[in-house]
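In what follows, a structure is listed as structure tokens, so that the remarks can point back to it.
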Amino acid sequence: MKKLAYILIILLVLTSCTRDKTVEKVNGDVVQIEASYQFDINDFEMLVGYADFVFVGKVNKELGTLMKHGSEEVETCEPINDPGTPYTNYEVIVEENIKGELITDKPIEIQKAGGYDGEGRLVLFNNDLLPEEGKEYIFVVYVQQNGDLLASGENTTFLLNDDILAKIKEGYRNQKVGDRQRFTTQYSK
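Residue 22 in my numbering sits at position 12 of the sequence shown, with consecutive numbering throughout.
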């Protein structure tokens with residue numbers, strides 16, 4: 011009887027779900043998320059104006075992926091008929107603040123809408139990209155009600171290059187500040 015109990019405990023441990031479950035990135039499928047926006051996301055003056063922070067940062071490491079359905083987080087366990095949308099968390103080192111003042115003396119955490127779902131498919135907004143460890147990006151982020159920094163949608167994450175950086179900085183100089191509710195973050199200077 012004790013042997014059966016031990017086997018059941020081991021099976022339970024091996025099959026339990028956790029927040030840190032690694033999603034295998036194997037099948038190469040990409041699911042595109044269609045979105046509509048409050049403003050022209052290709053207008054850098056509006057893009058920067060609506061954002062809370064715009065900065066150049068280097069991705070230190072990927073911290074994992076959460077599945078969200080609306081504003082509710084769910085663990086990536088199987089099977090779930092509609093697990094929601096993956097949000098990938100990153101530890102980022104801010105190298106240059108363009109809009110707003112984020113801390114630069116230690117890493118910050120940001121969340122990117124998109125990532126790998128429970129079936130290994132890459133889920134992204136149209137024309138968006140998922141950051142990679144060790145690379146530098148320009149991030150356009152919004153502070154959420156809970157203080158998290160979110161890069162969500164097209165034109166919120168750019169691989170760092172001089173042309174885009176110049177457009178972003180010009181957009182900042184001539185920004186059209188969007189009228190929306192704003193929140194604070196622990197990562198402000």
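Every residue gets a Cβ at the ideal spot worked out from N, C-alpha and C, and that includes glycine.
Everything numeric in this text was worked out from a predicted model, so none of it was measured.
If one requires a minimum length of 3 residues, the beta strand (DSSP E) runs lying completely within the segment 124 to 170 are 132 to 135, 146 to 153, 159 to 161, 167 to 169, in chain order. Less than 8 Å separates the beta-carbon of Glu-105 from that of Val-66. The residue among Gly-188, Phe-193, Gln-196, Lys-199 with its C-alpha nearest the C-alpha of Val-58 is Gly-188. Secondary structure at Lys-116: coil, using DSSP grouped into helix, strand and coil.
Residue state for Tyr-100 is assigned as strand, using DSSP reduced to three classes. CA-CA distance, Thr-95 to Gly-74, rounds to 14 Å. Within 10 angstroms of the beta-carbon of Leu-134 lie 16 or more other beta-carbons, which makes it buried. Collapsing the DSSP output to three states places Ile-51 in coil. Distance from the CA atom of Lys-199 to the CA atom of Val-69, rounded to whole angstroms, is 20 Å. Here Val-153 has Asp-62, Leu-159, Arg-192, Phe-193, Thr-194, Thr-195 as same chain residues with Cβ atoms under 7 Å from its own Cβ, once five neighbours each way along the sequence are excluded.
In this structure Tyr-47 is exposed. Its beta-carbon is surrounded by fewer than 16 other beta-carbon atoms within 10 angstroms.
Ranking Pro-117, Ile-108, Glu-164, Leu-170 by CA distance to the CA of Glu-101 puts Pro-117 first. By the C-beta criterion, the segment 135 to 145 is judged not to be in contact with the segment 174 to 183, since fewer than 3 inter-stretch pairs fall below 8 Å.
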